[in-house]
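Take a look at the structure set out below.
6 protein chains.
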Amino acid sequence: MRILLVNPNMTTAMTDTMAGIARTVAGARAEIIPITATRGFPYIASRAEAQIAGAIALEMIAEYRDTVDAVIIAAFGDPSLAGARELFDMPVVGMAEAAMHSAAMLGERFSIVTFSPLMTAWYMNCIAESGLGAKCTGVRTPPPRPVLVDSVLKDTRAELIALARSAATEDRADVIILGGAPLAGLAAEIANEVPAIVIDPIAAATAQAIALASITMPSSFAARAAKPASKSSVGLSRHLEATIAADRA
Amino acid sequence: MRILLVNPNMTTAMTDTMAGIARTVAGARAEIIPITATRGFPYIASRAEAQIAGAIALEMIAEYRDTVDAVIIAAFGDPSLAGARELFDMPVVGMAEAAMHSAAMLGERFSIVTFSPLMTAWYMNCIAESGLGAKCTGVRTPPPRPVLVDSVLKDTRAELIALARSAATEDRADVIILGGAPLAGLAAEIANEVPAIVIDPIAAATAQAIALASITMPSSFAARAAKPASKSSVGLSRHLEATIAADRA
Amino acid sequence: MRILLVNPNMTTAMTDTMAGIARTVAGARAEIIPITATRGFPYIASRAEAQIAGAIALEMIAEYRDTVDAVIIAAFGDPSLAGARELFDMPVVGMAEAAMHSAAMLGERFSIVTFSPLMTAWYMNCIAESGLGAKCTGVRTPPPRPVLVDSVLKDTRAELIALARSAATEDRADVIILGGAPLAGLAAEIANEVPAIVIDPIAAATAQAIALASITMPSSFAARAAKPASKSSVGLSRHLEATIAADRA
Amino acid sequence: MRILLVNPNMTTAMTDTMAGIARTVAGARAEIIPITATRGFPYIASRAEAQIAGAIALEMIAEYRDTVDAVIIAAFGDPSLAGARELFDMPVVGMAEAAMHSAAMLGERFSIVTFSPLMTAWYMNCIAESGLGAKCTGVRTPPPRPVLVDSVLKDTRAELIALARSAATEDRADVIILGGAPLAGLAAEIANEVPAIVIDPIAAATAQAIALASITMPSSFAARAAKPASKSSVGLSRHLEATIAADRA
Amino acid sequence: MRILLVNPNMTTAMTDTMAGIARTVAGARAEIIPITATRGFPYIASRAEAQIAGAIALEMIAEYRDTVDAVIIAAFGDPSLAGARELFDMPVVGMAEAAMHSAAMLGERFSIVTFSPLMTAWYMNCIAESGLGAKCTGVRTPPPRPVLVDSVLKDTRAELIALARSAATEDRADVIILGGAPLAGLAAEIANEVPAIVIDPIAAATAQAIALASITMPSSFAARAAKPASKSSVGLSRHLEATIAADRA
Amino acid sequence: MRILLVNPNMTTAMTDTMAGIARTVAGARAEIIPITATRGFPYIASRAEAQIAGAIALEMIAEYRDTVDAVIIAAFGDPSLAGARELFDMPVVGMAEAAMHSAAMLGERFSIVTFSPLMTAWYMNCIAESGLGAKCTGVRTPPPRPVLVDSVLKDTRAELIALARSAATEDRADVIILGGAPLAGLAAEIANEVPAIVIDPIAAATAQAIALASITMPSSFAARAAKPASKSSVGLSRHLEATIAADRA
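Protein chains in written order, with my numbering: chain A, 1 to 249; chain B, 250 to 498; chain C, 499 to 747; chain D, 748 to 996; chain E, 997 to 1245; chain F, 1246 to 1494.
Written out as structure tokens, the structure is:
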């Protein structure tokens, strides 16, 4: 099985870290094909950025669509997830969604801990759209301060552990999701310091991509009656234009 | 007051019809500046298409942002609405959202009538995201059949009147929204044949753009603490890059 | 266009302030006809008072119904709004509802700031009934203390600014609604001191009344199939009795 | 224990029927004091009518408040229930609310069956406001036709039985509520013909009034911190004015 | 009328206290038959314990089913309530559910106060499943500490009064539910010290059992079309096996 | 990895079928240990049966808890899932929950198709409790008729295909869940005849058990602060008693 790990952010170091985690989860079960956006933003942190980077992600997936069996959209907030599911005849998994559904199957309540309150409103929207709000104890973050994506993991590590501990002991969350691609890898490092199940979203997305591919057949995706009609377009990348124009009858 | 009417669809005839309606509603109160996408799709009818056309719409708005006082995103389903609100320091109105909020202020229950069941699922999502589901009696459409956007208005007119009548008499909707840009202009034509208040979404969007601009000050938009941080980018149109990079402190 | 501004409170000074704001918003587009309750309460602040003052408001509207094009119910909490919409064949707008729907079209999240925690529970009910709870960050108020409606604006001004600032910076609300008729006019005064879009509910109600009247036809209201049947009554004001007895076939 | 049965409708025959049922339920446990509105409407069937009749109901209760231990508002839809609870220091029970909460404690799912689709929208609102929507299978009614309140019970009896049977066997409702004061007394008559628990709302309201009075103390109602402040008023009945002006410190 | 009070906890002292309160509420209207689990747990405080003790409760009820007219499941959290309602042809009432529905009919907002934060998550689930979340201001508890069920009432009494006072004055709850069987009896003792209506769940359950039995007929329960089909079983108590095997046609 | 497949039904043939599917999904990744209830019911189809069989399932899991890495509760409706998650320090997966969360990650909307309308109400409850109601188009079933669990698959096969086709083409569901253990294995057989992704719940549960075990560590489950306190018990199986009594500090 080949899984495309699409980083809609332009930061290659982030892709490398996430690919490493994905490979550890996948082991021999799947090959991970990591790709990084070459247009867009260093790190997506708003709705406008997700609108643009999501369109770029569709082009990235279209280019590889015939060579992979499942897709991970490797940005918390899951830009273009709904659109990608329409277009591509294979499982497409988002980091936030995979983490939340996994959390909902691991315990009664989960919490999201992330590095900046700037993300809280967007993450709250993700939770609400997933339908899992009743199982979520909320989003915990450090107080506002300037964020350097490159060093955020080091700068906030102690605070994040303390926040995760509070989520477990005060909010009584069974499961803690460490939200945001810059925190990839932290879950395994701090698991022993937090009295809860700690989830790394990229690990969850990898495990879910494998799970979903193992219980579905590509022909079923292709046969979906609910897919949109084929459509002509102007100005899209060659592969994306072809994907959208493909006959679905 | 100058209002930018952004058609993220590439069909100029549709833009012309909508601009005509908008001008009738605006009268002397506002000048309507209609623009039509030059990339993307003839008519957006899916989530994937909305992802892509929404990103194009942001570029279109960015180009005009310094010369207008409010923006209408003239496609039902409201592509890129959340992102546009973050970026631009003026009211940004979506056709679906404006129609639904207007309907919710005009009666107890509203219904959406549109030309194809292919749109139902997307429109139901719009309703749910608006929070107005409890006030909506549902979406009524003709049975499935191939849709020609150019002639849909003529082809389905009698059926749409019958559906609107049923929504009023059977579902007891006070207000009927005729959803979808291809139906622009129909509301005024059929109002006398339907025992309910019939809303044309482009008229509603125009009225709401004027209303919102009349009770807000541009300086307040610019001062919003909740705006995302400025951000560098690669590969965007010049105006959109500048918008996103603008200092917001 | 003529808009009836119905103050169901008996405080004429409040009516005067609100009429002034409404006139500023309306400009040449509409004439504002302000009327003040001559029975009932100085200021409505409970459900029981709204039940009674709402019935009085229906009588007030009935008296003017043939001479105006739209109605504003000028009390936050919107007493008798549902009933007035049934009875009168024109747009009827409530201050709370108009402010919340406007806020929902101006940003991702809004907050309500008001002068007393005594109002919080009622306002929370208004938010829930509007369906907009997911977009509201809550109601912020000063701590409990005796309220003098006449001087509340002066007494709490500094506190209200601080609360609005907190709603913007801590709760990340894009839009702040200053709830309660006694705060009419404050929004414009403090807008520059709050890093958010600040909404004056009477301004919002005026803008919405004009917007809704501009996209609807009186004949459609009269033709609504969902209107209740005509009904005989005893003991109502002459105009209200006639309104309710009017044949609707 | 003395229970005031307030019929906000002007139809005395309806009051008599309901008082008879209430007395059967109460037996020796409570004395029923039935009163009938002398102003308002023969039968409330809209929001506007409920706004007005609810204000009249508050006056009716105020007159008897010192001589009874609990109140039943004997109209489905429960006009002025929230206001009456604020004002009067004793249990106040609504017919719709009592029937729905009783039904929710008797089975997994309940249905409302009533005599006219004209009531459906209002009843759906009642269900939603109670929070019990997830336990309700819907409202079933005969098709639209002119309703004569006096003979509706006789005219629709066979249809109502058939509707109740369908609600039980098709919707799998455990409990059927026969909604609307004109159907008072029907539940006991048809119980053997319906494979479900059939609830008469006036019986439910009586049982709940007794239940609530038996587990509460009048002094606790009087001491409620959450009661609104006392208030002066103009033009109210003497007793209602005194109730609202009463010192609550 | 005979009411079975089933304590699924093994603590007889708790049964005795609850039976005393139930008898006070019932007076001459009903005879209370208290029974205590002889297997299971001293005090149920988790989902796993409720799963097991609920199955035991079904056996306890089955043994008495032919000799009683209604059942109270006397543990907050209401183990096996849904199953018992399916099986037994009479009203079955849970302590949490009865308290919450009663509270919802006594005021606008209720609060739950209990002795340990360990119960909060479970109680929040109960509230959500009842549908009454919008009427609940939350669960207030003392900080975490070891709980001795036998002395918890004495140990936490002052704190519980303070919490109830805060729920009334700060959260503006009209009604306070003292949750958890170990607090049975406290409501009456502290009512005068709390500015709200204070509910004892076992009192509420008793009043509701009587109310529901007074408005229903056993034959209607037996005739329910929505009951599950009869079923053979292995290893159940003799009475429960017979109950589940009983023909329901 | 060793996965315990717990069939709380007593039908061994059903266990065998499910174990076969689970082994196909697991391949070399996990060993499946199937066990079948020796007490309880041939096939669980009600809340009461789930209460009892769920308690039995806890005993079954307790016996194997030290020898497996994850647990599947192999009955749609997921008896004792919440309790099992509290008690056992490993992933515990329910068939209904796993199928629904998988479906929610595979498409915009899913439908459940099952063999009898007797299951509809219970399945609707499962959907609501999962939070995924907004993504579900409903439950489709054949009309009521007597069900023989042994032959139901053969008897209803053609009808189930037709229902699944309708769910895809009329309700526009992207994903169809074939609900109920008696339908295990059908998904793979009919996938080519249905224009949607068809999910077999036991396959989904197996894939999810493996996924969740691959991203979590047993030590984190053991360390959960939100676990209930240890508790003494009477009359439980030896292993379950020991599990519940285990020290969790």
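All C-beta atoms, glycine included, are put in the ideal place defined by N, C-alpha and C.
Against chain E, the CB of residue 196/A has no partner CB under 8 Å away; the residue lies outside that interface. A straight-line Cα-Cα distance of about 23 Å links residue 1090/E and residue 1185/E.
Given a length threshold of 3 residues, each whole run of the beta strand (DSSP E) inside the region 84-144 of chain A is given here in chain order: 92-94, 110-113 and 136-140. Straight-line spacing of the CA atoms in residue 467/B and residue 339/B works out to 6 Å. For residue 65/A, no beta strand (DSSP E) run applies, since DSSP gives it neither H nor E. In this chain, the alpha helix (DSSP H) harbouring residue 1404/F covers 1397-1414.
With at least 16 other beta carbons inside 10 angstroms of its own, residue 846/D counts as buried.
Residue 725/C is classed as buried because its beta carbon has at least 16 other beta carbons within 10 Å across all chains shown. For residue 389/B, no CB of chain D lies under 8 Å from its own CB, so it is not counted at the interface with that chain. Sorting 1413/F, 1478/F and 1484/F by C-alpha distance to the C-alpha of residue 223/A places 1413/F at the top. Note that the region 311-320 of chain B does not touch the region 419-439 of chain B; fewer than 3 beta-carbon pairs, one per stretch, sit closer than 8 Å. Here DSSP, grouped into helix, strand and coil, assigns residue 532/C to strand. Looking at the DSSP output, residue 736/C sits in no beta bridge, so it has no partner there. Against chain F, a Cβ distance below 8 Å from residue 856/D picks out 1366. Within the region 1154-1171 of chain E, contact with chain C at the beta-carbon level (separation under 7 Å) is assigned to 1168. The three-state reading of DSSP puts residue 1037/E in strand, counting E and B together. Among the residues facing chain A, residue 626/C is not included, as its CB has no counterpart in that chain under 8 Å away. For residue 772/D, the enclosing alpha helix (DSSP H) begins and ends at 759-773. The Cβ of residue 1217/E sits no closer than 8 Å to any Cβ of chain F.
Residue environment: residue 981/D is assigned as exposed (fewer than 16 neighbouring CB atoms within 10 Å of its CB, all protein chains considered).
When only Cα atoms are considered, residue 942/D and residue 1217/E end up about 8 Å apart. Residues of the same chain with a CB within less than 6 Å of the CB of residue 1406/F, apart from the 5 flanking positions on each side, are 1435 and 1438 in chain order.
With contacts defined as CB atoms closer than 8 Å, residue 830/D and residue 545/C qualify as a contacting pair.
For residue 1038/E, a Cβ of chain F is located within less than 8 Å of the residue's own Cβ.
For residue 154/A, no Cβ of chain F is located within less than 8 Å of the residue's own Cβ. Rounded to whole angstroms, residue 1364/F and residue 1196/E show a C-alpha spacing of 36 Å.
At a Cβ-Cβ threshold of 8 Å, residue 1030/E and residue 1005/E do not count as neighbours. Linking residue 1265/F to residue 1271/F through their CA atoms gives a straight-line distance of about 10 Å.
The Cβ atoms of residue 1275/F and residue 1247/F sit closer than 8 Å to each other. In summary, the residues of the region 1329-1358 of chain F whose CB is separated from some CB of chain A by less than 9 Å are 1330, 1331, 1336, 1337, 1338, 1339, 1342, 1343, 1346, 1347, 1349, 1350, 1351, 1352, 1353 and 1354, in the order they occur in the chain. Taken atom to atom, the span from the alpha-carbon of residue 625/C to that of residue 636/C is near 9 Å.
Nearest Cα to residue 1182/E within the set 1111/E, 1120/E, 1210/E and 1203/E: 1111/E. Our two residues, residue 1108/E and residue 700/C, have alpha carbons roughly 38 Å apart in a direct line.
Under the three-state reduction of DSSP output, residue 1220/E falls in the coil class, being neither helix nor strand. From the listed residues 1482/F, 1348/F and 1323/F, the smallest Cα separation to residue 1370/F is found for 1323/F.
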